[in-house]
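Scroll down for the structure; my scribbles are underneath it.
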Amino acid sequence: MPQTSVVFSGTLGPNCNRPVQPGMGERGGGASSGSKDLIFQDGRLTSGSLEALMEHLVPTVDYYPDRTYIFTFLLSSRVFMPPHDLLARVGQICLEQRQQLEAGPEKAKLKSFSTKIVQLLKEWTEAFPYDFQDEKAMAELKAIAHRVTQCDEENGTVKKAITQMIQSLLLSLAARSQLQELREKLRSPVVDKGPVLKAKPPAAQKDILGVCSDPLVLAQQLT
1 MPQTSVVFSG TLGPNCNRPV QPGMGERGGG ASSGSKDLIF QDGRLTSGSL
51 EALMEHLVPT VDYYPDRTYI FTFLLSSRVF MPPHDLLARV GQICLEQRQQ
101 LEAGPEKAKL KSFSTKIVQL LKEWTEAFPY DFQDEKAMAE LKAIAHRVTQ
151 CDEENGTVKK AITQMIQSLL LSLAARSQLQ ELREKLRSPV VDKGPVLKAK
201 PPAAQKDILG VCSDPLVLAQ QLT
């Protein structure tokens, strides 16, 4: 992937200067060499290569990204790549970290790692639910969910959290779809002295809600 540089120009704000909470803020020693491409100024992340910023987004066993960074990067990243491509890269980084944990002495921390990944996905789906409307994004979300649930097959708490997250996401998408339909109905048609012209229908889009109208059933099927 080209080493595109992303500059935040101070948009992360003062919140990224707050004291690091346990398990949050600074990426641990297990981070890849991509972290060297991050540029900090007065303790604030100001820019970095796109690859390094994506790696900085993904939690590790002892690290969770600042929530201001999560929102800012997710919002900015769509200038460089569509959300489903970012999801695919996040999933790949998660898989690489999982394989490292399974092969190393910290295998017992797999559940903790999985819980942090679910939290990241939860924040993403709540902040930008429309990113997951198309089938490509939902397929990537399902793939990541499948990987992290395998780390907690004994008691299934991670799977339960994912099911609840997807159910909430589908309910949010359904509400947005209904609101859009209402807006279309309330919109006054443009009429002139000539023939009434109907608005051109929007381009066909594969909507995940078209697969199943019941959010609870669909969430269970996806997990």
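Okay, so the sequence shown: first residue is 1 according to full-length UniProt numbering, each after it adds one.
Quick reminder that beta carbons are idealized off the backbone N, C-alpha and C, glycines included.
Residue i versus residue j: straight-line alpha-carbon distance, rounded
i, j, result
"L165", "G104", "What sits at residue 165 in the sequence shown is Met, not Leu. Between M165 and G104, the C-alpha separation is close to 30 Å."
"E96", "A88", "13 Å"
"F71", "K111", "24 Å"
"Y130", "R183", "17 Å"
"Q92", "E106", "20 Å"
"S47", "E140", "27 Å"
Residue range of the unbroken alpha helix (DSSP H) whose run includes residue i
i, result
"T115", "L110 to A127"
"C94", "P83 to A103"
"T149", "E135 to T149"
"V158", "T157 to L186"
Residue from the options with nearest C-alpha to residue i
i, options, result
"L50", "K107, D66 and V79", "V79"
"M138", "Q119, Q167 and C151", "Q167"
"C94", "E181, A145 and L179", "A145"
"A161", "V118, R67, S77 and Y64", "V118"
"L171", "S76, Q133, R187 and K159", "Q133"
"A143", "K122, T115 and V90", "V90"
Residue environment, residue i, which counts as buried when at least 16 other CB atoms sit within 10 Å
i, result
"L57", "buried"
"R69", "Here residue 69 is Tyr; the residue named in the question, Arg, does not match the sequence. With 16 or more Cβ atoms within 10 Å of its Cβ, Y69 is classed as buried."
"L173", "buried"
"A127", "exposed"
N- and C-terminal bounds of the beta strand (DSSP E) containing residue i
i, result
"G48", "R44 to S49"
"F40", "L38 to Q41"
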